[in-house]
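In our numbering, the protein residues as written are 77 to 292.
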Ligand code: DX5
Ligand code: ZN
């Protein structure tokens with residue numbers, strides 16, 4: 077499988093979301109990446125459920141929803157109804173992660189677990205077989221446009237080893253500081269999905285930027 081590209085709508089033009097949704101629809105991107113922040117789990121507040129509901133009918137590609145919120149269990153059904161196809165919860169926000177993953181699956185969604193840069197891959201040892209995706213943060217979550225943390229490459233190696241050893245089908249997704257320099261390193265290390273926000277939307281020709289990220 078060639079790697080997937082998931083542009084992050086956090087860097088889209090909020091005064092004209094329809095334009096940027098159509099741009100993604102007509103590009104080589106595979107998914108929409110949607111960053112939900114509550115101002116508690118991360119020091120920023122982005123957008124929430126009404127925005128997802130509003131844009132879902134316009135979008136022609138799956139919604140990859142990244143929940144940067146405390147107690148995400150409270151909102152699993154709500155995000156399913158709002159259009160999430162893939163639902164990512166943070167390891168650091170879930171006390172009963174196995175139950176949370178089951179609840180995501182019970183709603184018919186794919187389940188992802190996200191690790192902050194300081195959270196070791198080894199903590200997934202007893203849950204990896206139940207996951208559809210692991211999202212490795214390559215910046216501290218909360219903001220677009222931050223500098224890529226190089227240790228992520230080492231974490232991809234460890235995660236790949238864990239996935240193979242446990243016979244898991246989980247995809248490896250990377251989020252933060254993905255650009256023309258980091259993307260080739262990430263794909264050769266074994267990344268399956270690349271999230272990219274500012275590099276795509278701040279470029280002069282986002283469609284070509286997506287195409288270049290897809291065809292490394
Ligand atoms: C950060 C978000 C990212 C963000 C990435 O907390 O999870 O998805 O949009 O932005 P860039 O690609 O600009 O680092
Ligand atoms: Zn994200």
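Think of the CB as a built atom: it goes at the ideal place given N, C-alpha and C, for glycine as much as any other residue.
Inset, instruction - Starting from residue 96, trace the alpha helix (DSSP H) both ways and give me its first and last residue. - result: Translated into positions along the chain shown, residue 96 becomes position 20. From DSSP, the alpha helix (DSSP H) with residue 96 extends over 93-101.
Legend entry - Proximity test, residue 174 beta-carbon vs ligand 1 heavy atom, cut-off 8 Å: Numbered from 1 along the chain shown, position 98 holds the residue referred to as residue 174. Residue 174 Cβ: outside cutoff for every heavy atom of ligand 1.
Inset, instruction - With a cut-off of 6 Å, give the chain-ordered residues whose Cβ is closer than this to any heavy atom of ligand 2. - result: 84, 109, 111, 142, 251 and 271
Inset, instruction - Return the CA-CA distance between residue 92 and residue 122, expressed in angstroms with no decimal places. - result: As a first step, residue 92 is located in the chain shown; it is residue number 16 there, counting from the start. As a first step, residue 122 is located in the chain shown; it is residue number 46 there, counting from the start. Looking at the backbone, the Cα of residue 92 and that of residue 122 are separated by about 16 Å.
Legend entry - Integer Cβ distance of residue 108 from residue 82, believed to fall under 8 Å: Here residue 108 refers to the residue found at position 32 when the chain shown is read from its first residue. Here residue 82 refers to the residue found at position 6 when the chain shown is read from its first residue. The Cβ separation is near 7 Å, so the contact holds.
Legend entry - Unbroken alpha helix (DSSP H) run spanning residue 130, endpoints: Residue numbering aside, residue 130 sits at position 54 when the chain shown is read from its first letter. Its alpha helix (DSSP H) spans residues 125-131.
Legend entry - Residue from 275, 190 and 110 whose Cα sits closest to the Cα of residue 124: Residue mapping note: residue 124 aligns to position 48 of the chain shown, counting from 1. Measuring from the Cα of residue 124, the nearest candidate turns out to be 110.
Legend entry - Test item: CB-CB of residue 243 and residue 209 under 9 Å: Numbered from 1 along the chain shown, position 167 holds the residue referred to as residue 243. Numbered from 1 along the chain shown, position 133 holds the residue referred to as residue 209. Not closer than 9 Å, so no.
Inset, instruction - Apply the 10 Å Cβ neighbour rule to residue 214 and answer buried if 16 or more other Cβ atoms are within range, or exposed otherwise. - result: Here residue 214 corresponds to residue number 138 of the chain shown, with the count starting at 1. Buried, by the Cβ-count rule.
Legend entry - Three-state class that DSSP yields for residue 190 in the structure shown: Here residue 190 corresponds to residue number 114 of the chain shown, with the count starting at 1. Strand.
Inset, instruction - Answer with buried or exposed for residue 100, where buried requires no fewer than 16 other C-beta atoms within 10 angstroms of its C-beta. - result: As a first step, residue 100 is located in the chain shown; it is residue number 24 there, counting from the start. Buried, by the Cβ-count rule.
Inset, instruction - State the beta-bridge partners of residue 164 as determined by DSSP. - result: Looking up residue 164 in the chain shown gives position 88. DSSP lists 142 and 188 as partners of residue 164.
Inset, instruction - For my contact list, residue 190 and residue 142 are in at a C-beta cut-off of 8 Å; report their separation, rounded to the angstrom. - result: As a working mapping, residue 190 is identified with position 114 in the chain shown. As a working mapping, residue 142 is identified with position 66 in the chain shown. Their Cβ separation, rounded to whole angstroms, is 7 Å, which keeps residue 190 and residue 142 in contact under 8 Å.
Inset, instruction - Whole angstroms is fine: what's the gap from residue 127's alpha carbon to residue 133's? - result: Along the chain shown, read from residue 1 onward, the residue named residue 127 stands at position 51. Along the chain shown, read from residue 1 onward, the residue named residue 133 stands at position 57. For residue 127 and residue 133, the distance between alpha carbons rounds to 11 Å.
Inset, instruction - Please confirm whether residue 203 and residue 173 have their CB atoms less than 9 Å apart. - result: As a working mapping, residue 203 is identified with position 127 in the chain shown. As a working mapping, residue 173 is identified with position 97 in the chain shown. Yes. Within cutoff.
Legend entry - Three CB pairs or more closer than 8 Å across the stretch 260-267 and the stretch 224-240: Three or more Cβ pairs closer than 8 Å define a contact, and the stretch 260-267 meets that threshold against the stretch 224-240.
Legend entry - Nonlocal neighbours in the same chain, by C-beta distance under 6 Å from residue 206, ignoring five residues either side: Counted from its first residue, the chain shown places residue 206 at position 130. A distance below 6 Å between beta-carbons, with the five flanking residues on each side excluded, links residue 206 to the following residues of its chain, in chain order: 177.
Legend entry - residue 155 beta carbon near ligand 1 (any heavy atom closer than 8 Å): Here residue 155 is taken as the residue at index 79 of the chain shown, counted from 1. Checking every heavy atom of ligand 1 against the Cβ of residue 155, none is found closer than 8 Å.
Inset, instruction - Quick one: using the 10 Å Cβ neighbour count with 16 as the cut-off for buried, is residue 233 buried or exposed? - result: For the purposes of this step, residue 233 is taken as the residue at position 157 of the chain shown. Counting the other CB atoms within 10 Å of its CB gives residue 233 a total below 16, which places it among the exposed residues.
Inset, instruction - From the DSSP output, in three-state form, read off residue 230 for me. - result: Residue 230 sits at position 154 when you count from the first residue of the chain shown. Note: residue 230 maps to helix in three-state DSSP.
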